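Residue numbers (my numbering): 495 to 621. For every residue, glycine included, the Cβ atom is placed at its ideal position computed from N, Cα and C. Quick caveat, the model's predicted, so the values are computed rather than measured. Report on the structure given below.
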Amino acid sequence: MKRLISLAVMLLGCAHTTPDPAPPAKDGVGADPGGGDIVGVVLPTDPETIAAGAALFGRHCSACHISGNAYAPGPDLTDDRWSHGYSPNAVYQVIWSGVPARGMPAWGGLLDEKQVAAVTAYVLSER
495 MKRLISLAVM LLGCAHTTPD PAPPAKDGVG ADPGGGDIVG VVLPTDPETI AAGAALFGRH
555 CSACHISGNA YAPGPDLTDD RWSHGYSPNA VYQVIWSGVP ARGMPAWGGL LDEKQVAAVT
615 AYVLSER
C-alpha cells in the first residue's frame with residue numbers, strides 16, 4: 495500500500511506543469527536570464543505593426559477584455575487600474591506568461607515574440 499501511495503504522489507508531481515517562462519532575449523525582447531522580469535522590450539511604433547497588434551487582440555483577447563463591460567471575464571484594459579502594472583515589460587510578461595490564477599491564458603508559444611510585442615504596443619496605445 496505504501497508503494498502505491500508513493501507511486502501516486504510521484505505521478506502527481508510529474509503531472510504538475512507550469513507555463514513556459516518568457517523566451518530568452520532575442521531581437522530586443524525576452525527574459526532576464528536570472529528568471530526575473532523581462533528586459534529590453536522595444537515596442538513597435540509603426541502604424542502597421544500596431545494595426546497587426548489590434549487584429550491579434552481582436553482575434554485572441556477581445557472576448558474577455560471588452561472595454562467598459564463590467565460583466566466581461568477579463569479586466570478593462572483602457573482604464574488605469576491594472577493589477578500587474580502597465581509598463582511595457584509588465585504588459586508583455588502578462589501576455590506571454592498569462593495569469594493562470596485569474597483565468598488569463600499564456601499566449602507565449604501560440605504567438606511569437608514579435609506578435610506579443612505588437613499586442614503589447616496596441617494595448618498600451620489604447621490607454
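For residue i, the nearest candidate out of the options (CA to CA)
i       : options                   : result
Ser-619 : Ser-581, Asp-606, Ala-557 : Ser-581
Leu-605 : His-578, Arg-621, Ala-546 : Ala-546
Arg-596 : Gly-603, His-578, Asn-583 : His-578
Whole-angstrom distance between residue j and residue i, CA atom to CA atom
i       : j       : result
Glu-542 : Pro-594 : 31 Å
Ile-560 : Leu-550 : 14 Å
Lys-608 : Val-535 : 10 Å
Arg-621 : Asp-574 : 8 Å
Residues near residue i in its chain [Cβ-Cβ closer than 7 Å; skip 5 each side]
i       : result
Val-585 : Thr-614, Val-617, Leu-618
Ile-589 : Trp-601, Val-610, Val-613, Thr-614
Pro-538 : Ile-544, Ala-611, Ala-612, Ala-615
Cutoff 6 Å; reference residue i; Cβ partners in own chain excluding five residues on either side
i       : result
Gly-568 : Cys-558, His-559
Val-523 : The predicted model places Val-523 with a pLDDT of 44, which falls under 50 and marks its position as unreliable, so this point remains unresolved.
Leu-571 : His-559, Val-617
Practice problem: Could you pull out every unbroken alpha helix (DSSP H) segment of at least 4 residues lying fully inside the region 572–598, listed in chain order? | Solution: If only uninterrupted alpha helix (DSSP H) runs of at least 4 residues are considered, those enclosed by the region 572–598 are 582–591.
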